[in-house]
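Protein chains in written order, with this note's numbering: chain U, 1 to 116; chain H, 1001 to 1110.
Glycine included, each C-beta is placed from N, C-alpha and C at the ideal position.
These notes concern the structure reproduced below.
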């Protein structure tokens, strides 16, 4: 157990559906991350939040919409996805972005997403 | 080129030692990490080393850092089938989030 939980663990959705992925960290951290992991690109950083503010957005399509209501929770809202969006979506948290060991990321188990 | 590079595959026999290598480009890296990812799971932090150290040992794991060549390695002694996983090298700097390699898939054959 890393202190980072993700729900659901598996999700199958159609291209017209709207769903949300949830991440919760119990570590008292102030930074949270979304990654996409697929066979084509092993670990792609999507979004970074620090103190509930988005600090990095790596050219992610608008069909992915993150939300960070507080420092313990991070959501990824999904709508009109494509089959190529099927992947493992990993959430991580770190103490903050101040550098050094404070940047050490702790990962959740991931949500396996399949888009039909 | 990529910030952190690793070979993609490594195959060893059970009981042998495994050595997974990583190179990085930024000399200002302060901490270097090894993560392990088992099938269907997230990344688990295995160990890390501060950039002013050249070696760190933790039970069967030995991390070697050659800062001059920007080369990091992870040695697993007496490799077991449970060590089969993807191993990610990562680095962090003072003012940035972490950068991960593409991962090395270790296969342990009985």
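Any beta-carbon of chain H closer than 8 Å to the one on residue i?
| i | result |
| --- | --- |
| residue 107(U) | yes |
| residue 103(U) | yes |
| residue 111(U) | no |
| residue 90(U) | yes |
| residue 2(U) | yes |
| residue 99(U) | yes |
| residue 42(U) | yes |
| residue 12(U) | no |
Within the 8 Å Cβ cut-off, does residue i reach chain U?
| i | result |
| --- | --- |
| residue 1044(H) | yes |
| residue 1038(H) | no |
| residue 1028(H) | no |
| residue 1016(H) | no |
| residue 1024(H) | no |
| residue 1082(H) | no |
| residue 1092(H) | yes |
| residue 1009(H) | no |
| residue 1048(H) | yes |
| residue 1114(H) | Given that chain H is displayed from residue 1001 to residue 1110, the structure contains no residue 1114(H) and the question cannot be resolved. |
| residue 1031(H) | yes |
| residue 1098(H) | yes |
| residue 1041(H) | yes |
Quick check on the burial criterion: 16 or more other C-beta atoms within 10 angstroms. Buried or exposed for residue i?
| i | result |
| --- | --- |
| residue 1039(H) | exposed |
| residue 1104(H) | buried |
| residue 27(U) | exposed |
| residue 77(U) | exposed |
| residue 61(U) | exposed |
| residue 55(U) | exposed |
| residue 58(U) | exposed |
| residue 51(U) | exposed |
What are the boundary residues of the beta strand (DSSP E) that includes residue i?
| i | result |
| --- | --- |
| residue 1077(H) | No beta strand (DSSP E) holds residue 1077(H); DSSP gives it neither H nor E. |
| residue 165(U) | The first residue shown for chain U is 1 and the last is 116, placing residue 165(U) beyond what the model contains. |
| residue 1010(H) | 1009-1013 |
| residue 1092(H) | 1085-1092 |
| residue 6(U) | 4-7 |
| residue 1105(H) | 1104-1109 |
| residue 88(U) | 87-94 |
| residue 105(U) | From DSSP, residue 105(U) is part of no beta strand (DSSP E); its letter is neither H nor E. |
| residue 1055(H) | 1055-1058 |
| residue 1066(H) | 1061-1066 |
| residue 84(U) | Careful: residue 84(U) lies outside any beta strand (DSSP E) and carries neither H nor E. |
At least 3 beta-carbon pairs within less than 8 Å: the segment 78-92 of chain U vs the segment 31-46 of chain U
Pairwise C-beta distances place the segment 78-92 of chain U in contact with the segment 31-46 of chain U, as three or more of them are shorter than 8 Å.
For the segment 13-79 of chain U, list the beta strand (DSSP E) runs that are entirely contained and at least 3 residues long, ordered along the chain.
Taken in chain order, the whole beta strand (DSSP E) runs of length 3 or more contained in the segment 13-79 of chain U are 18-25, 31-37, 44-50, 53-57, 64-70, 73-79.
For the segment 1070-1083 of chain H against the segment 1024-1043 of chain H, are there 3 or more C-beta pairs whose distance is under 8 Å?
In short, these stretches touch, since the Cβ pair count reaches three.
Measuring CB atoms only, is the segment 6-26 of chain U touching the segment 106-116 of chain U, in the sense that at least three cross pairs come out at less than 8 Å?
The segment 6-26 of chain U, when compared against the segment 106-116 of chain U, does touch it at the 8 Å Cβ threshold.
contact_flag[the segment 1005-1017 of chain H, the segment 1077-1095 of chain H] where n(CB pairs < 8 Å) is 3 or more
Three or more beta-carbon pairs separated by less than 8 Å link the segment 1005-1017 of chain H to the segment 1077-1095 of chain H, which places the two stretches in contact.
What residue ranges within the segment 1015-1042 of chain H form continuous beta strand (DSSP E) runs of no fewer than 3 residues, ordered along the chain?
Entirely contained in the segment 1015-1042 of chain H, the beta strand (DSSP E) runs reaching 3 residues are, in chain order, 1018-1024, 1031-1037.
Within the chosen definition, does the segment 1006-1015 of chain H reach the segment 1053-1070 of chain H through at least 3 CB pairs nearer than 8 Å?
Judged by Cβ distances under 8 Å, the segment 1006-1015 of chain H makes no contact with the segment 1053-1070 of chain H, as fewer than three pairs qualify.
Do the segment 1019-1030 of chain H and the segment 1081-1095 of chain H touch if we need at least three Cβ pairs shorter than 8 Å?
Flag = yes, the segment 1019-1030 of chain H and the segment 1081-1095 of chain H touch.
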